[in-house]
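Working notes, beginning with the structure itself.
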Amino acid sequence: MLSLTGVEKRFGRRHDEVQALAPVDLVIDDDEIVALVGPSGCGKTTLLRILAGLTEPSAGTVHIDGHPLWEGGVVQRDAAREVALVFQEANLLPWLSVEANVAFPLRLRGVRRAERLARARELCAVTGIAGFERRRPSQLSIGMRQRAAIARGLIESPGVLLLDEPFAALDAILREAMNLELQRVWMERPTTCVVVTHSITEAVFLADRVVTLTPRPGRVAGITRVPFERPRPLEIEHTQKFQDLVLEVRSLLGGTA
Amino acid sequence: MKERLLALAVGLATLAVVVLGWKLYVEHFDVSKFVLPPPEDVAQAFGELVTDDRTWEGARITTIEIVAGFLLASVVGVVVGTLLAEVPLLDRALTPYVIALQVLPKVAIIPLLIVWFGFGLSSKIVIAATFACFPILVGTRAGIRAVDPGHHDLLAVLRARRWQRVGFVHLPAALPSILTGMEVGIVLATIGTIVAEYLTANEGLGYLAYQYYNLLQVDTLFAAVALLSLLGFLLHGAVRLLRRLVVPWHASVDVGASTL
Chain A
1 MLSLTGVEKR FGRRHDEVQA LAPVDLVIDD DEIVALVGPS GCGKTTLLRI
51 LAGLTEPSAG TVHIDGHPLW EGGVVQRDAA REVALVFQEA NLLPWLSVEA
101 NVAFPLRLRG VRRAERLARA RELCAVTGIA GFERRRPSQL SIGMRQRAAI
151 ARGLIESPGV LLLDEPFAAL DAILREAMNL ELQRVWMERP TTCVVVTHSI
201 TEAVFLADRV VTLTPRPGRV AGITRVPFER PRPLEIEHTQ KFQDLVLEVR
251 SLLGGTA
Chain B
258 MKERLLALAV GLATLAVVVL GWKLYVEHFD VSKFVLPPPE DVAQAFGELV
308 TDDRTWEGAR ITTIEIVAGF LLASVVGVVV GTLLAEVPLL DRALTPYVIA
358 LQVLPKVAII PLLIVWFGFG LSSKIVIAAT FACFPILVGT RAGIRAVDPG
408 HHDLLAVLRA RRWQRVGFVH LPAALPSILT GMEVGIVLAT IGTIVAEYLT
458 ANEGLGYLAY QYYNLLQVDT LFAAVALLSL LGFLLHGAVR LLRRLVVPWH
508 ASVDVGASTL
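The following block contains the structure:
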């Protein structure tokens, strides 16, 4: 379980301080997918970076399975290891093969080469890039690279998988396919997911709950529960119920999106 | 392939034009052989030079000096460059000195290094290293500083330890830039070694060239200089080859970015 209590973030010094994130309270259940949507600059990426242990919150606490993530301004290593982050850009290391990139987190933990590559190949199969393990990232399409990044995110079996606009660089058709793929991967390896996206449709399609943030300073404007069973087919987007949910999120965003 | 052949043809044609112009100039103005010997004399002297055992012994010594100096410079350059890039305090404290040393004309300190390290091989190695060190150091520092911010984020999320960041990401990412420094470095090491041999030595190809100068064997001197430049060319080519082997993933390999 991932719980946020009064998490806020201010940037800058006292006189020209910017409040990026108003106090946010949120509890995310195990194996739940939560989508964060909000207008540009509402602090959704900041919130994700706080959860990833990259940005220190100005106030409030984050607990992962009851363990604090931040304590006295320092990231708690054990809690942080439960979290993986998939970036908007795949951020693969260009000198490593795809499988070595996927295995990279295990290399940092000192796992033996044969063992970590075996794990990496297994995850390449899960994320649908089997057959491309020996290629270099530059030889892959953007969608393939993002699959590799997801495989790398999953390799340590994290308790929480954070995705920062993972498909923002993809065209609309590929994006839909990747949403289906993400759903398939999640059904194979259920894990708590927090997805930041600026697409309301994507948010409703992927999430169990859509958390809508207000313009800066971001606070929770509302939470929309999405009751559809999984696997959800793409056609679900054309149902009245889906459209109603999209409208609900859009009205929460107000005229700002 | 067709373009390569064409480039080769243009290159050879340029050489032919230069040699022809040289020959015509010498003939037409009746230039003294002690000033500019005709190309055929130089060619003959070159033939004699490469069949002389002393030449190959000299080339062997000079190559050892250049390569040893270059390797020493690579180790020092990469280590110091890494320290400067990784430790901001060191960078702030030491970079002024590094720049001061870099702008210092290295030729001016050759006599000093000879006083310290003697007339033999070791002083030449140190001099070659002094010449080659700075571009490698600067290349390392710049390469590490240019590490993709996304990769820094990745390392932060994965809680990589300091040595892992440097060893697994910073240095591999900096390799193209380090190799660019090395390409400049090997050329400077060659220059430094030859200047040092001209100034004071009793062996080496530069020393032999200087002997021919003293004997006023200008055609052989020309041939020796050609041989020296060939040596530099081969060493530079070796470093370029190293780039292909070490960073095949990097765009600079395809572009064949020349640093000269």
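Just so you know, the protein sequences line up as chains A and B, in that order.
If you're matching positions, the first sequence starts at 1 in this note's numbering and goes up one per residue.
If you're matching positions, the second sequence starts at 258 in this note's numbering and goes up one per residue.
From the three backbone atoms N, C-alpha and C, an ideal C-beta is built for every residue, glycine too.
Item	Value
Would you say the stretch 410-430 of chain B touches the stretch 469-479 of chain B, given that touching needs at least three Cβ pairs under 8 Å?	no
Using a C-beta cutoff of 7 Å, does B/LEU498 count as contacting chain A?	no
Rounded to a whole number of angstroms, what is the C-alpha to C-alpha distance between B/SER515 and A/SER3?	The pLDDT assigned to B/SER515 is 41, lower than 50, so where the model puts this residue is not dependable, and the model offers no usable value.
Using 10 angstroms around the beta-carbon of B/PHE490, count the other beta-carbons present and answer buried if the total reaches 16, otherwise exposed.	exposed
Three-state secondary structure (DSSP) at B/CYS204?	Residue coverage of chain B in this structure runs from 258 to 517, which leaves residue 204 of chain B outside it and unanswerable.
Just to confirm, are A/ALA169 and A/ILE142 a CB contact at a threshold of 7 Å?	yes
Give the secondary structure of B/GLY326 by DSSP, where H, G and I count as helix, E and B as strand, and everything else as coil.	helix
For chain B, check one thing: does any of its Cβ atoms lie closer than 7 Å to the Cβ of A/PRO23?	no
What's the C-alpha gap between B/VAL364 and A/ALA59?	60 Å
Starting from the Cα of A/GLU20, find the closest Cα among A/PRO215, A/LEU253, A/ILE155 and give me that residue.	Note on identity: in this sequence residue 20 of chain A is Ala, with Glu being the wrong assignment. Among A/PRO215, A/LEU253, A/ILE155, the Cα nearest to that of A/ALA20 belongs to A/PRO215.
Can B/VAL496 and B/LEU432 be called in contact, C-beta distance under 7 Å?	no
Taking B/GLY442 and B/PRO392 to be in contact with their CB atoms under 8 Å, please state how far apart those CB atoms are, rounded to whole angstroms.	5 Å
Given 8 Å as the limit, is there contact between the stretch 404-419 of chain B and the stretch 366-374 of chain B, that is, 3 or more CB pairs closer than that?	no
May I ask you to verify whether the stretch 320-337 of chain B touches the stretch 475-487 of chain B, counting CB pairs closer than 8 Å and requiring at least 3?	no
If the cut-off is 9 Å on Cβ atoms, which residues from the stretch 416-450 of chain B count as contacting chain A, listed in chain order?	ARG416, ALA417, ARG418, GLN421, PHE425, VAL426, PRO429, ALA430, LEU432
How would you call A/ILE150, buried or exposed, if buried means at least 16 neighbouring beta carbons within 10 angstroms?	buried
If the criterion is Cβ atoms closer than 7 Å, does the pair B/ALA417 and A/LEU51 meet it?	no
For A/LEU108, which residues in chain B fall below 9 Å Cβ to Cβ?	LEU412, LEU415, ARG416, ALA417, ARG418, GLN421, PHE425
Which value, in whole angstroms, describes the spacing of the CA atoms of A/PRO227 and A/GLU237?	13 Å
Just mark B/THR308 as buried or exposed, buried being the case when its beta carbon has 16 or more other beta carbons within 10 Å.	exposed
For B/TRP506, which residues in chain A fall below 8 Å Cβ to Cβ?	PRO94, TRP95, ARG136, SER138
Check the Cβ-Cβ distances between A/LEU294 and every residue of chain B, and say whether any is below 7 Å.	Examination of residue 294 of chain A is not possible in this model, given that chain A is present from 1 through 257 alone.
Would you grab the beta carbon distance between A/PRO137 and A/LEU92 for me? Rounded to a whole angstrom, and I think it's under 8 Å.	4 Å
Is there contact here, the stretch 293-308 of chain B with the stretch 443-452 of chain B, by at least three beta-carbon pairs under 8 Å?	no
Using 10 angstroms around the beta-carbon of B/GLU322, count the other beta-carbons present and answer buried if the total reaches 16, otherwise exposed.	buried
Where does the unbroken alpha helix (DSSP H) through A/LEU123 begin, and where does it stop?	113-126
If you run the structure through DSSP and keep just helix, strand and coil, what is A/SER157?	coil
For A/PHE285, I'd like the list of residues in its chain whose CB is within less than 6 Å of its CB, leaving aside the five on either flank, ordered along the chain.	Outside the shown range of chain A, which is 1 to 257, sits residue 285 of chain A, and nothing can be said about it.
Using a C-beta cutoff of 7 Å, does A/ASN91 count as contacting chain B?	yes
Helix, strand or coil: how does DSSP classify A/PHE11 here?	strand
List the residues of chain B that A/PRO105 touches, going by C-beta distances under 8 Å, in chain order.	LEU415
Within 7 Å (strictly less), CB to CB, does B/GLY400 reach chain A?	no
Leaving out five residues before and five after A/GLY12 in sequence, what residues of the same chain have Cβ atoms less than 8 Å from its Cβ?	VAL18
Under 7 Å between the Cβ atoms of A/ALA203 and A/VAL37?	yes
Starting from A/PRO23, trace the beta strand (DSSP E) in both directions and tell me its first and last residue.	18-28
Check the Cβ of A/LEU54 against every Cβ in chain B and list those closer than 9 Å, keeping chain order.	ASP410, ALA413, VAL414
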